[in-house]
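Visitor: Heads up: the sequence shown begins at 1 in the UniProt record's numbering, then just goes up one per residue.
Note that beta-carbon positions come from the ideal geometry of N, C-alpha and C, so glycine has one too.
Note that the coordinates shown come from a computational prediction; the quantities given were computed from them, not determined experimentally.
Below are the C-alpha cells for one structure; questions will follow.
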Amino acid sequence: MSLLTSLASGTSGLASASTELAVIGDNIANSNTVGFKAERAAFEDALAQTVIGGAGQIGLGSRLQAVQKLITQGALSNTGVSTDLALQGGGFFEVRGTTGDGRNGTYVTRAGQFTVDRTGFLVNLDGLRVQGYGADAAGNVTSAVGDLQVGNASSAPQPTTTISLKANLQSDAVIPAAWDPTQPAATSNFSTSVTIYDSLGKADQAQVYFRRSGAGTWEWHAVTDGSAVAGGTAGVPSEIAGGTLTFDSNGLLTAQTQASSFNPLNATAPQALAFNFGTPTGAGGSGLDGITQFASASATTFVGQDGFAPGELTSVQIDKKGTVMGIFTNGQSRALGQVGVARVAAPDQLERVGGNLYALTPSSGDAVMGAAGDGGRAYISAGTLEQSNVDIAEQFVRMIAAQRAFEANSKTITTSDQLLSELIQMKR
1 MSLLTSLASG TSGLASASTE LAVIGDNIAN SNTVGFKAER AAFEDALAQT VIGGAGQIGL
61 GSRLQAVQKL ITQGALSNTG VSTDLALQGG GFFEVRGTTG DGRNGTYVTR AGQFTVDRTG
121 FLVNLDGLRV QGYGADAAGN VTSAVGDLQV GNASSAPQPT TTISLKANLQ SDAVIPAAWD
181 PTQPAATSNF STSVTIYDSL GKADQAQVYF RRSGAGTWEW HAVTDGSAVA GGTAGVPSEI
241 AGGTLTFDSN GLLTAQTQAS SFNPLNATAP QALAFNFGTP TGAGGSGLDG ITQFASASAT
301 TFVGQDGFAP GELTSVQIDK KGTVMGIFTN GQSRALGQVG VARVAAPDQL ERVGGNLYAL
361 TPSSGDAVMG AAGDGGRAYI SAGTLEQSNV DIAEQFVRMI AAQRAFEANS KTITTSDQLL
421 SELIQMKR
C-alpha cells in the first residue's frame with residue numbers, strides 16, 4: 001500500500017538524516033584533533049517494488065551506502081617540539097603496541113605527537129612505539145624495520161690522530177739559543193696551543209713551539225706536561241712530537257719532517273700523531289695552505305684536531321627524510337635511526353580504532369614501509385603537526401541540509417499518519 005510505503009520512506013529518510021548528523025557531529029567534535037580525517041556519509045536509494053512495468057517503480061526511501069574517509073592533507077602548525085612530526089603528502093606513520101581498549105598490534109596514524117620514553121623509544125602519547133629503521137654505532141641506518149630507539153645514546157671518545165695548523169712564522173726573527181725542552185719559551189720564537197684527546201677521551205693541552213734555526217729553516221716541538229704521559233713527571237715538560245720546516249725565498253713551505261712519541265698515561269699503546277702544516281711545494285702543493293714564512297709577525301690563523309671527549313645525548317633533530325640525528329655534549333652528531341613512512345593502497349578503507357589510529361583491513365591492503373620521500377611517500381616536517389582536515393563551514397552547511405531533510409521526512413510521516421487515520425475513521 002502506498003501510504004505504508006510513504007511511512008517506510010519517511011522513516012528511512014529520518015534514519016539517513018540522523019546518520020548524516022551523527023557523521024557531521026563526529027567531524028565537528030574532531031575539528032581540533034591532530035591528524036584526524038573527516039568522514040562523509042554516502043547514501044543510496046532503496047527500491048521497493050515495480051507497479052507498472054519498468055518505468056512504474058516506487059522506492060522505499062534511502063539507506064546508508066558507506067561512510068567514506070576523506071584522506072586529504074591537513075594544514076600544518078608549528079610547535080617547535082623536535083619530535084612533533086607531520087607528513088606532507090601520502091602515507092602514514094606506523095606504530096606498534098597496545099591500544100587503550102587492550103588491542104595489541106600494528107597500526108597506522110597521521111598524528112605525529114611523538115616523544116622519547118624513559119627507555120629511549122620514540123612513542124606516541126599512548127606509549128605505542130614508532131616503527132622505523134635503526135642505526136649502528138657509526139651512524140649507518142640499517143634496513144630492518146622495528147621499534148625506533150633514539151634516546152639513551154652516547155658518543156664514544158675519539159683519540160686525536162691529526163692536528164692541523166695554519167700560521168705565519170716571521171722570516172727575520174732572531175735565532176734563539178739551542179732548543180731546551182725545560183725552557184721552551186726562552187729557546188723558541190713562537191708557540192701556539194692545541195688540545196689533544198687520548199683513547200679514553202681525556203683532554204691534554206699541548207704547546208707547539210717554533211724555533212728559527214737558520215735562513216728559511218725552522219724547528220718545531222710539541223710539548224705537554226709530564227703528567228699526561230706514561231713515565232712522565234707532573235710539572236716537567238715532555239716532548240711528544242717534533243720536526244723541521246723548510247721555506248723558499250718566497251716564504252712558501254717546501255719541505256717538512258716530523259716524528260711523534262706520544263704515549264698517554266693509562267693508554268694501552270702509544271698514540272700516533274700527524275701534524276698537518278700544509279702541502280709543501282716539493283710534494284706538489286702550493287706551500288700556502290698551512291705554515292708560511294713571511295716578514296709579518298708570527299701569528300696563528302687556524303688550529304684544529306680530529307679528537308673529542310665522550311658525550312651524552314642532549315637533543316635530537318629529524319630531517320625531511322625522517323633521519324633522526326643525535327646531538328651530543330661533545331659537539332658531535334650522528335644518525336640514531338630513521339622514521340619510516342607506510343604506504344597503504346586504499347587508505348579510505350582503513351578501520352578507525354580510536355586513539356588517532358587506523359587498523360589495516362582486507363580492503364585497505366597492507367602497509368608497505370619505506371623512507372620518507374621514496375616511492376610517492378610523504379616527506380616529514382619536524383617541529384610541526386598536521387591538523388584535522390575538517391572544514392567547519394562545510395560541516396555547518398551540511399548540518400543545515402540534514403536538519404531540513406529530517407524535518408521534511410518528519411512531515412512525510414505525519415502526513416501519512418493523518419491519511420491513515422482518516423481511512424480508519426471512514427471504516428467506522
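Using only alpha-carbon positions, find the residue among Leu273, Gly231, Asn263 and Pro264 that is nearest to Gly242.
Guide: For the purposes of this step, residue 242 is taken as the residue at position 242 of the sequence shown. Taking only the C-alpha atoms, the option nearest Gly242 is Leu273.
Visitor: Can Pro157 be considered in contact with the ligand NAD, in the sense that its beta carbon sits closer than 7 angstroms to one or more heavy atoms?
Guide: The model on display carries no ligand, and the ligand NAD is accordingly not part of it.
Visitor: Thinking Ala382 and Val341 are a contact (beta carbons under 8 angstroms), I'd like their distance in whole angstroms, please.
Guide: The count along the sequence shown starts at 1 and reaches residue 382 at position 382. The count along the sequence shown starts at 1 and reaches residue 341 at position 341. About 13 angstroms separates the two Cβ atoms, so there is no contact after all.
Visitor: Excluding the five sequence neighbours on either side, which residues of its own chain have a C-beta within less than 6 angstroms of the C-beta of Gly285, listed in chain order?
Guide: Residue mapping note: residue 285 aligns to position 285 of the sequence shown, counting from 1. The residues are Thr279.
Visitor: Which residue from Gly127, Thr323, Leu360 and Ile327 puts its Cα closest to that of Ala156?
Guide: Start at 1 with the first residue of the sequence shown, and residue 156 comes out as number 156. When only C-alpha atoms are compared, the closest one is Ile327.
Visitor: Quick check: the Cα distance between Ala267 and Arg96, rounded to an integer number of angstroms?
Guide: Residue mapping note: residue 267 aligns to position 267 of the sequence shown, counting from 1. Residue mapping note: residue 96 aligns to position 96 of the sequence shown, counting from 1. If I take the Cα positions, the gap works out to 45 angstroms.
Visitor: Return the residue from the list Ala206, Arg129, Asp136 and Gln293 that minimises the CA-CA distance to Asn104.
Guide: The residue you call residue 104 lines up with position 104 of the sequence shown. When each option's Cα is compared against that of Asn104, the closest is Arg129.
Visitor: Whole angstroms are fine: how far does the CA of Gln305 sit from the CA of Thr224?
Guide: Position 224 of the sequence shown, counted from the first residue, corresponds to residue 224. Position 305 of the sequence shown, counted from the first residue, corresponds to residue 305. Their Cα atoms are separated by approximately 16 angstroms.
Visitor: Among Val229, Gly214 and Val34, which has the Cα closest to the Cα of Ala173?
Guide: Position 173 of the sequence shown, counting from 1, holds the residue named residue 173. Out of Val229, Gly214 and Val34, Gly214 has the C-alpha closest to the C-alpha of Ala173.
Visitor: Using only CA atoms, which one of Asp289, Gly216 and Ala259 lies nearest to Asn250?
Guide: Locating residue 250 in the sequence shown gives position 250, counting from the first residue. Among Asp289, Gly216 and Ala259, the Cα nearest to that of Asn250 is on Gly216.
Visitor: Please determine, among Asn330, Asp248, Thr11 and Pro237, the residue with the shortest C-alpha to C-alpha distance to Ser154.
Guide: One-based indexing of the sequence shown puts residue 154 at position 154. Ser154 has its Cα closest to that of Asn330, out of Asn330, Asp248, Thr11 and Pro237.
Visitor: In the structure shown, what three-state DSSP assignment does Asp225 receive?
Guide: As a working note, residue 225 is residue 225 in the sequence shown. DSSP places Asp225 in strand when its eight states are reduced to three.
Visitor: Should Phe302 and Leu169 be called a contact, given that it needs their Cβ atoms to be closer than 8 angstroms?
Guide: Taking the sequence shown and counting its residues from 1, the one referred to as residue 302 is at position 302. Taking the sequence shown and counting its residues from 1, the one referred to as residue 169 is at position 169. Their beta carbons are not under 8 angstroms apart, which means Phe302 does not touch Leu169 by this criterion.
Visitor: Would you please state the rounded distance, in angstroms, between the beta carbons of Asp198 and Gln271? I believe it to be under 8 angstroms.
Guide: Counting from 1 along the sequence shown, the entry for residue 198 is found at position 198. Counting from 1 along the sequence shown, the entry for residue 271 is found at position 271. Yes, Asp198 and Gln271 are in contact; Cβ-Cβ is about 6 angstroms, under 8 angstroms.
Visitor: Within the continuous beta strand (DSSP E) that includes Phe210, where are the two ends?
Guide: Locating residue 210 in the sequence shown gives position 210, where the first residue counts as 1. From DSSP, the beta strand (DSSP E) with Phe210 extends over Ala203 to Gly214.
Visitor: Between the alpha carbons of Gln16 and Leu70, how many angstroms are there, rounded?
Guide: Your numbering for residue 16 matches position 16 in the sequence shown. Your numbering for residue 70 matches position 70 in the sequence shown. Before going on, a small fix: residue 16 reads as Ser here, not Gln. One C-alpha to the other measures close to 19 angstroms.
Visitor: Please state whether the Cβ-Cβ distance between Gln338 and Ala367 is less than 8 angstroms.
Guide: Here residue 338 is taken as the residue at index 338 of the sequence shown, counted from 1. Here residue 367 is taken as the residue at index 367 of the sequence shown, counted from 1. Not a contact, by the Cβ cut-off of 8 angstroms.
Visitor: What does Asp45 pair with, by DSSP beta-bridge criteria?
Guide: Taking the sequence shown and counting its residues from 1, the one referred to as residue 45 is at position 45. DSSP lists Ser62 as partners of Asp45.
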